[in-house]
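Q: Encoded as structure tokens, here's the structure I'll be asking about.
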Amino acid sequence: MRLPDRFIQTLKHIHKERAEEWLCNFGNQMALFEQKWGLSIHEPFDLSFNFVAPATRKNREEVVVKAVLSDKEFRRELEVLKRMKGSGMVKLLEYDQDQGVMLLERLRPGYTLAEVEDEEEAARIASHIMKSLWVTASHHSDIETVMDRENSLKRIARQHTHGFGPISSELICTALKVFKQLNREIQEPYLLHGDLHHYNILKNGHSWMAIDPKGLIGDREYDVIQYLLNNLPETNQKEIIEKRIHIFVEELDLVKERVLLRGFSHAVLSTCWTVEDGNFNEKFFGTIEIFQELCRQSGLEVI
Ligand SMILES: Nc1ncnc2c1ncn2[C@@H]1O[C@H](COP(=O)(O)OP(=O)(O)O)[C@@H](O)[C@H]1O
Ligand SMILES: [Mg+2]
Numbered sequence: 343m344r345l346p347d348r349f350i351q352t353l354k355h356i357h358k359e360r361a362e363e364w365l366c367n368f369g370n371q372m373a374l375f376e377q378k379w380g381l382s383i384h385e386p387f388d389l390s391f392n393f394v395a396p397a398t399r400k401n402r403e404e405v406v407v408k409a410v411l412s413d414k415e416f417r418r419e420l421e422v423l424k425r426m427k428g429s430g431m432v433k434l435l436e437y438d439q440d441q442g443v444m445l446l447e448r449l450r451p452g453y454t455l456a457e458v459e460d461e462e463e464a465a466r467i468a469s470h471i472m473k474s475l476w477v478t479a480s481h482h483s484d485i486e487t488v489m490d491r492e493n494s495l496k497r498i499a500r501q502h503t504h505g506f507g508p509i510s511s512e513l514i515c516t517a518l519k520v521f522k523q524l525n526r527e528i529q530e531p532y533l534l535h536g537d538l539h540h541y542n543i544l545k546n547g548h549s550w551m552a553i554d555p556k557g558l559i560g561d562r563e564y565d566v567i568q569y570l571l572n573n574l575p576e577t578n579q580k581e582i583i584e585k586r587i588h589i590f591v592e593e594l595d596l597v598k599e600r601v602l603l604r605g606f607s608h609a610v611l612s613t614c615w616t617v618e619d620g621n622f623n624e625k626f627f628g629t630i631e632i633f634q635e636l637c638r639q640s641g642l643e644v645i
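The working numbering numbers the first residue of the sequence shown as 343 and each following residue consecutively.
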């Protein structure tokens with residue numbers, strides 16, 4: 343099986359020598375799993391960071407194979423899939439933790455929530471999924487927490503005392519202050535999906551299902567932020583974000599002020615990450631200002 347060049351480059355860029363080894367073994371590895379699970383693996387979907395391909399089992403059942411190079415990410419995805427079993431989450435059928443390979447039910451027709459043009463309808467579908475996914479966090483978990491996120495921003499603030507790329511040091515300090523405050527206030531931490539944007543919600547029969555959980559332990563307000571920041575049009579972004587927030591607050595009984603402050607502080611953190619990774623994006627950067635404005639409108643001070 344030939345893997346797309348861009349996927350190979352991405353893996354080498356992120357995982358260096360580990361990627362060389364993984365890619366070298368890849369063909370044999372997949373052949374072994376075809377045997378072990380009685381599969382025939384087909385051409386992959388559009389690949390970004392992991393290998394994901396449709397496959398057919400001997401009994402003609404349609405499934406999906408996902409091979410994840412990062413051991414940590416694989417374990418986290420597995421943990422969330424197991425904990426959110428029976429909800430709006432894709433079903434896990436088999437897995438091999440040592441090799442980082444899992445078998446999932448195939449969602450059909452499988453197009454994403456980005457296909458739904460009506461903003462209100464899409465946000466209500468996403469709300470419904472979130473409501474079904476969230477569970478209280480367990481004490482023994484390997485999953486990233488909102489404290490880890492705070493620490494990530496703390497590290498950036500320490501390393502870049504004069505600002506980072508286009509992000510001023512004042513902005514970083516304010517976002518860090520907001521992070522600390524929000525984290526201190528959490529009473530009952532939840533296990534969240536951690537990456538629930540439009541492209542990780544797929545149509546399945548007459549309903550919708552979530553795929554690709556990263557996992558995050560924190561407050562429910564944090565889990566709507568990926569959705570708010572993604573799949574935005576070129577114009578009227580502020581109005582769209584406002585509309586989405588209104589629906590999430592109403593449907594999920596969230597605290598609007600927390601959503602706004604989570605939006606602001608996460609937009610700062612994730613923009614810093616894009617600068618670190620060398621893929622800074624102007625449009626994404628712009629969402630910081632949008633959240634600052636929304637905060638001000640609601641009487642919240644953020645610079
Ligand atoms: N269970 C599934 N059923 C149908 N298609 C899927 C399924 N899982 C993944 N896909 C397809 O594969 C793509 C990549 O899968 P995803 O798990 O999001 O990978 P990554 O971790 O690289 O983001 C998805 O956008 C979707 O098109
Ligand atoms: Mg994905």
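Cβ atoms here follow ideal geometry from the backbone N, Cα and C, with glycine treated the same way. Quick caveat: nothing in here was measured; it's all calculated off a predicted structure.
Is the segment 627-635 close to the segment 596-606, with three or more CB pairs under 8 Å?
A: A contact exists between the segment 627-635 and the segment 596-606.
Q: Heavy atom of ligand 2 less than 6 Å from the Cβ of residue 554, yes or no?
A: Yes, the Cβ of residue 554 comes within 6 Å of a heavy atom of ligand 2.
Q: Indicate, with yes or no, if ligand 1 has a heavy atom lying under 6 Å from the CB of residue 432.
A: Yes, Cβ of residue 432 sits closer than 6 Å to a heavy atom of ligand 1.
Q: Nearest to residue 567 by CA position, among 602, 475 and 589, is which residue?
A: Looking at the Cα atoms, 602 is the closest of the given residues.
Q: Within the same chain, show all residues whose beta-carbon is closer than 6 Å to that of residue 636, passing over the 5 residues directly before and after it, in chain order.
A: 602.
Q: Which word fits residue 364, buried or exposed, when buried means at least 16 other C-beta atoms lie within 10 angstroms of its C-beta?
A: Buried: at least 16 other Cβ atoms inside 10 Å.
Q: So, helix, strand or coil for residue 549, using DSSP?
A: In the structure shown, residue 549 sits in a strand (DSSP, three-state: E or B).
Q: So, does the segment 464-480 touch the segment 523-537, judging by three or more C-beta pairs under 8 Å?
A: Yes: at least three Cβ pairs fall under 8 Å.
Q: Does the beta-carbon of residue 634 have 16 or more other beta-carbons within 10 angstroms, so that it is buried, or is it exposed?
A: The residue is buried, with at least 16 neighbouring Cβ atoms inside 10 Å.
Q: Indicate the three-state DSSP secondary structure (helix, strand or coil) for residue 526 in the structure shown.
A: Looking at residue 526 - three-state DSSP - the assignment turns out to be helix.
Q: Between which two residues does the alpha helix (DSSP H) carrying residue 571 extend?
A: It spans 567-571 - the alpha helix (DSSP H) in which residue 571 sits, taken as one unbroken run.
Q: Going by beta carbon distance, what residues of the same chain come within less than 7 Å of residue 493, once the five residues before and after it are set aside?
A: For residue 493, where only same-chain residues beyond five positions count, there are no Cβ hits under 7 Å.
Q: When you compare each of 394, 401, 358 and 584 to residue 372 by their alpha carbons, which one comes out closest?
A: Measuring from the Cα of residue 372, the nearest candidate turns out to be 394.
Q: Helix, strand or coil for residue 387? Go by DSSP, reduced to three states.
A: Coil.
Q: Where does residue 478 sit, in a helix, a strand or coil, going by DSSP?
A: Strand at residue 478.
Q: Could you pull out every unbroken alpha helix (DSSP H) segment of at least 4 residues lying fully inside the segment 415-502, listed in chain order?
A: Here the runs fully enclosed are 461-475 and 488-501.
Q: Check whether the Cβ atoms of residue 516 and residue 644 lie closer than 7 Å to each other.
A: Result yes, Cβ atoms of residue 516 and residue 644 sit closer than 7 Å.
Q: Taking the continuous beta strand (DSSP E) assigned at residue 534, which residues delimit it?
A: Segment 532-534, the beta strand (DSSP E) holding residue 534.
Q: Compare the C-alpha of residue 484 against each of 418, 350, 592 and 401 and name the closest.
A: Checked all of 418, 350, 592 and 401; the closest Cα to residue 484 is 418.
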